[in-house]
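Undergrad:
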Amino acid sequence: MAVARRGRQEGARFLEGDGADEFMAAFKRAVVPDDRRAAARDVLPPVVLLAEGGEGDGGGEDGGEGPDGRAHGAVRGLERCLRRERGGKLVPYAALGAAEAARAARGRRPLTLAVGQRLCEDVPPRTGRLRLRDFELMRDVVECALEQGPEAPPLTGEQLRDRCYEGRRGRGPVLRTLWRLGGGDPPTAQSAAQSPGWIGLVLGAVARPVLQVLPRWWWARRCTRRLLWSRSTGWFADWRDIGHGRRAEEFFDSVARLVDSASASAAPQDETADGAGDGTGDGTGNGAGDEAPDELEQLLMRALLADLKAAAGPGRISPWRRRRATRFTVLLELADGGSGDPAARFLREYGPAAEELSCAAVVVVAAGPAGAAVPGERCARLSDAAAALDHAAGAPEGDLEPLLAPLAPLPPGARPRSGPRSGPVSPPDFRMGPVAEVALEGVALVAVLGVLAAWLVPKLPGGADDTCLGGPAGGPLSGRAELSAAPPRQQYEAAARMIEEENGRVDEAVRRRGVEARTVVHIGAEVAKDQEGQRYNGAVPELRGIALAQRALNDEARNDERKVWLRVRMLNAGEEFKDAESRARQVVVEAGRKGSGIIGVVGFSKSLKQTQGAIRELGRAKIPVVGTTATADAMDGSRYYRRVAPTNSREARIEADFAHRGNITDSGSGGCSPAEAAVVVQDPQDLYSNEIGDLFAEQFGGDWSKLEYSPGGRSGGAPEPGGGRVTRQDSIEDVADAVCERIKEQPRTVLYWASRAREFTAFLDVFGDDTSCEGRKLTVLGGNELTTAALSGEYEDRPWLRLYHTAHVLPAGHPRGSDITKEFNAEYAAAFGAKDLWRNDGRAALAHDAMQLMAAAANEAFASTGDVERSNVQISLDNGISKEGASGYLDFGRGARVSRDKPLVILHHTAKGSEPVLFCGAFAQNTGRVERWGPNGEFACPKDG
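The numbering used here numbers the first residue of the sequence shown as 5 and each following residue consecutively.
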């Protein structure tokens, strides 16, 4: 056959005669049905195109072709409709010519093997791999049957299972890996005779049963369940008349008998296989052994059709199912001869199998000469076959026999006409594969569910956690602090005597031993005048912290000659640091005297304009300064100034995050919710108050407003620009009324108190008794300014108040405290009492750490240069110092003037004391870093940039 020359004309010639165009259109509609459900509903009969001979068929030198050539052209022409112009399938199909059928006949192999393989090859792009699970299993079974010789003993079910499992392992990476991990294939006789060693013993006793035997048993069990027990997928049980259910026998035992029967039936054929040359056969595999291929063909046919039916089943959720919008197509060429033709045998077995399984997912078209031995229903014209394809509906009422349609011969002397070509089928096109679509749909689904959950869950009863932050699980309480019966002046002088005694100890050491000693100046405020003033004054705890630090540092210097002894010179800057700048100038003068021994200054516990000016005076004189509890960023006006407390910017950032995320405001349903609005009360004339109020409003964002109030009528002028958000109040009563109005407008409002503690007490007195908000819940968030008063019980007996305030240390005894912290707390309690007013407010610890930082710089200068001058101390500070402190880890990098991630604690005020509800930062160098807060560590702690 002149195939090359014929290729250019196949599209024009492949169908001639009445009804050719109708059949072509019906064929394309059958392959790509308009109704997607048709591929799972309407069973189509196979169509056989029979080419009849004519006077114009010569097959000789005139170029004419006989029936075989026209049948070949018809199959190739149909195949062209199923392929792209540049190659590649448009739909899954298998096209087998006469050569493939002949090879199957010679090898006595069922043609269905080749059909299933071709269907899985070169599947259309972006439609996913075609999985034929039952067909692959039965293919392994058939291969075992074909390999089984007539003299070989029959296979048992167990042997057949093992050989089929070997094939399954080859197709599955998981099972293959488990098999290898279990030791691989069993050892040979030679290797088994050798000592296996302990590894072999372990593999034999543990690995093989778990990684080889168990997966194989489970796989075989699933095969039995699917093919015998199940009524929906148990086609094998239906075919072999085996009852469904768990009482059915094992699949491999049943199929082993089928293999044995097929092998026995093949024996006569083996003896007469050469009959084709002596008249005892027909050369196509026809003879006494046809029963075996027929039985194996039936097995493979049903397995293949069951898989194709499942693949083309209806379904719009699975991306793989959505891409099965076409039928699977099988194109065959028939031989002119006996019934032993594999293609003819395929057609005979296809009808009963498709009818039995109600498989509507396949289109079968065969073509051959009129002498092909295929029984079926004859059609007068191609249009009759086209009508049968178009009008197929549901399962067939009678037997599903092939439709035999004529391929009309060419008229005498006529040559193939050049007519219009039929275009290819048009299946749906997809822009991405099923795996990519699943991934994309999964991401979209997660995003949609996340949005819905975020919107819906808070609206459901009990959907969102509305437990108020702070309660039984809040953590160790600080305990009730007690106001000392001794006057504040007496307590201050007692601390001062501790320092003077230590100074005397230093002088004695210098006189007797000639040790290296230097002086640190402490500039502090005037002590409170009475016991009530202790709540708002930090002079006493600061001096106590310095005294404890001085004693500890000198103890270290006594034991280490490379460390410096320290004196402390105390300077009183007056009430509210009114004399701070003059005291700073005094230090400058004294430090300038030869032999003064002053290496630096510690103190300045408040962020005030006067302390800011004092720090600048000292900076101009190049005197190192370490601040204690002053937190305003504006204090950082000199490169010679360091501080051990966290800055206002860090505190405001953490407090704003706390207000936004923590359940702290009244939700109106008996629980709490995060703040949705904030009102800030600040004093524009106070450096600390004005700065931290502005920073909190900036960090909180959203719905905020500010009330400016200065005690004693010091406000003056117009309020700062704020777009109507900033108003000025003339009295504390006006402040209380304004706060009340904000809360009535938005109950989920937090009051951020940036002013001083004395004004807060006055505010609470007015708010609770003299406003229209009597009985309303009020949530207040404040800074460290409120800590001492809160710890001493100043804000008790106000059930409507929910107060949160910051501190710079955790309550004594908290497990997060470092060893240095625990040691300091124990020393403080031993010296001043476990229930002392200032034990938990952090002032003493920060003063202690300020002295520690200055001493560390002095010791570093002494160890490296042998000279403890101020310039060398400053160089040590600039180079960076890291040290464990009583208030947390002191982490000053090179050139840094603030410790990185300094700890900050937010306490919830209760009748029994204050409990920590947030604590973030570096409480110790290695084990004390806290990076999460909230219930179960739900939120991340803000960190320094």
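Think of the CB as a built atom: it goes at the ideal place given N, C-alpha and C, for glycine as much as any other residue.
Which whole-angstrom value describes the C-beta separation of residue 581 and residue 612, a residue pair presumed to lie in contact below a C-beta threshold of 8 Å?
TA: Right, their Cβ atoms sit about 6 Å apart.
Undergrad: How about residue 894 and residue 648: are their beta carbons less than 8 Å apart?
TA: Against a cut-off of 8 Å, the Cβ pair of residue 648 and residue 894 comes out as a contact.
Undergrad: Taking the straight line between their C-alpha atoms, what separation do you get for residue 731 and residue 747?
TA: When rounded, the distance between both Cα atoms is 16 Å.
Undergrad: Go to residue 438, then tell me how far its alpha helix (DSSP H) extends in each direction, as first and last residue.
TA: Element bounds for residue 438: 438–460.
Undergrad: Report back the beta-carbon spacing between residue 378 and residue 351 to the nearest angstrom; my notes put them in contact at under 8 Å.
TA: At roughly 6 Å, the Cβ-Cβ gap stays under 8 Å, so residue 378 and residue 351 are in contact.
Undergrad: Run through the stretch 104–134 for me and flag every whole alpha helix (DSSP H) of 4 or more residues, listed as ranges in chain order.
TA: Those alpha helix (DSSP H) runs which fall completely within the stretch 104–134 and span 4+ residues are 115–124.
Undergrad: In angstroms, rounded to a whole number, what distance separates the CA positions of residue 587 and residue 494?
TA: Roughly 23 Å separates the two Cα atoms.
Undergrad: Do you know whose CA, among 337, 657, 673, lies nearest residue 695's CA?
TA: Of 337, 657, 673, the residue nearest in Cα terms is 657.
Undergrad: Measure the alpha-carbon distance for residue 945 versus residue 226 and round it to whole angstroms.
TA: Straight-line Cα distance between these residues: approximately 52 Å.
Undergrad: Per DSSP, residue 602 is paired with what?
TA: Looking at the DSSP assignment, residue 602 forms a beta bridge with 523.
Undergrad: Below 7 Å CB to CB, which residues in the same chain sit around residue 651 once its five sequence neighbours on both sides are set aside?
TA: Within the same chain, residue 651 has close Cβ partners 635, 637, 902.
Undergrad: Output needed for residue 930: all residues of its chain with C-beta closer than 7 Å, excluding positions within five of it in sequence on either side, in chain order.
TA: There are no such residues.
Undergrad: Between the alpha carbons of residue 547 and residue 851, how many angstroms are there, rounded?
TA: Residue 547 and residue 851: Cα-Cα distance of roughly 7 Å.
Undergrad: Please work out which residues of its chain come closer than 6 Å, Cβ to Cβ, to residue 539, disregarding the five sequence neighbours upstream and downstream, and give them in chain order.
TA: Around residue 539: 792, 793, 796, 798.
Undergrad: What residues in its chain sit with their C-beta under 8 Å from that of residue 224, if we drop five residues either side in the sequence?
TA: Correct list, in chain order: 165, 169, 254, 255, 256.
Undergrad: Roughly how many angstroms lie between the CA atoms of residue 123 and residue 70, to the nearest whole one?
TA: Computed Cα separation, rounded: 30 Å.
Undergrad: Quick check on this structure: which residue in 453, 812, 822 has the alpha carbon closest to the alpha carbon of residue 933?
TA: That would be 822, whose Cα lies nearest to the Cα of residue 933.
Undergrad: Nearest CA to the CA of residue 707: which residue from 679, 610, 716, 693?
TA: Of the candidates 679, 610, 716, 693, the one whose C-alpha sits nearest the C-alpha of residue 707 is 679.
Undergrad: Can you have a look at residue 236 and say buried or exposed, based on whether 16 or more other CB atoms are within 10 angstroms of its CB?
TA: Its Cβ having fewer than 16 others within 10 Å, residue 236 is exposed.
Undergrad: I need the DSSP call for residue 218, collapsed to helix, strand or coil.
TA: DSSP places residue 218 in helix when its eight states are reduced to three.
Undergrad: Residues bridged to residue 677 by DSSP?
TA: The partner list for residue 677 (beta bridge, DSSP) reads 669.
Undergrad: What does the alpha-carbon distance come out to for the pair residue 328 and residue 131?
TA: Straight-line Cα distance between these residues: approximately 8 Å.
Undergrad: Bridge partners of residue 1, per DSSP?
TA: Outside the modelled stretch of the chain, which goes from 5 to 949, sits residue 1, for which no answer is possible.
Undergrad: Quick one: give me the first and last residue of the alpha helix (DSSP H) that residue 868 is part of.
TA: Where residue 868 is concerned, the enclosing alpha helix (DSSP H) stretches over 847–869.
Undergrad: For residue 1 and residue 890, which I take to be in contact (beta-carbon distance under 8 Å), what is that distance rounded to the nearest angstrom?
TA: Outside the displayed span of the chain (5 to 949) sits residue 1, for which this structure offers no information.
Undergrad: Skipping 5 residues on each side, what residues in its chain have a beta carbon closer than 8 Å to that of residue 523?
TA: If we look at residue 523 and ignore the five residues flanking it on each side, its Cβ neighbours are 570, 571, 572, 573, 600, 601, 602, 603.
Undergrad: Give a yes or no on contact between the stretch 426–435 and the stretch 386–405, applying the rule of three or more CB pairs nearer than 8 Å.
TA: Touching, no, given that fewer than three Cβ pairs across the two stretches are closer than 8 Å.
Undergrad: Would you decide whether residue 395 is buried or exposed? Buried here means 16 or more other CB atoms lie within 10 Å of its CB.
TA: Result: exposed.
Undergrad: Between residue 662 and residue 712, what straight-line distance do the alpha-carbon atoms span, to the nearest angstrom?
TA: The alpha-carbon atoms of residue 662 and residue 712 are separated by roughly 23 Å.
Undergrad: Residue 918 bridges to which residues according to DSSP?
TA: Its beta-bridge partners are 913.
Undergrad: Just checking residue 680 against the ligand ZN - is the residue's beta carbon closer than 7 Å to any of the ligand's heavy atoms?
TA: In the structure on display, the ligand ZN does not appear, and there are no ligands present to speak of.
Undergrad: Tell me which same chain residues have a C-beta within less than 8 Å of the C-beta of residue 898, skipping the five on either side of it?
TA: Within the same chain, residue 898 has close Cβ partners 882, 883, 884.
Undergrad: For residue 510, which residues in the same chain have their Cβ closer than 6 Å to its Cβ, ignoring the five residues on either side in sequence?
TA: Closer than 6 Å at the Cβ level, and outside the excluded window around residue 510, lie 521, 569, 571.
Undergrad: So, for residue 304: in the same chain, excluding its five sequence neighbours on each side, which residues have a beta-carbon less than 8 Å away from its beta-carbon?
TA: Cβ neighbours of residue 304 beyond the five flanking positions: 114, 116, 117, 120, 139, 142, 143, 146.
Undergrad: Assuming residue 709 and residue 729 are in contact, meaning their beta carbons sit under 8 Å apart, how far apart are those beta carbons, in whole angstroms?
TA: Right, their Cβ atoms sit about 5 Å apart.
Undergrad: Residue 752: which of 186, 682, 498 sits nearest, CA to CA?
TA: Measuring from the Cα of residue 752, the nearest candidate turns out to be 682.
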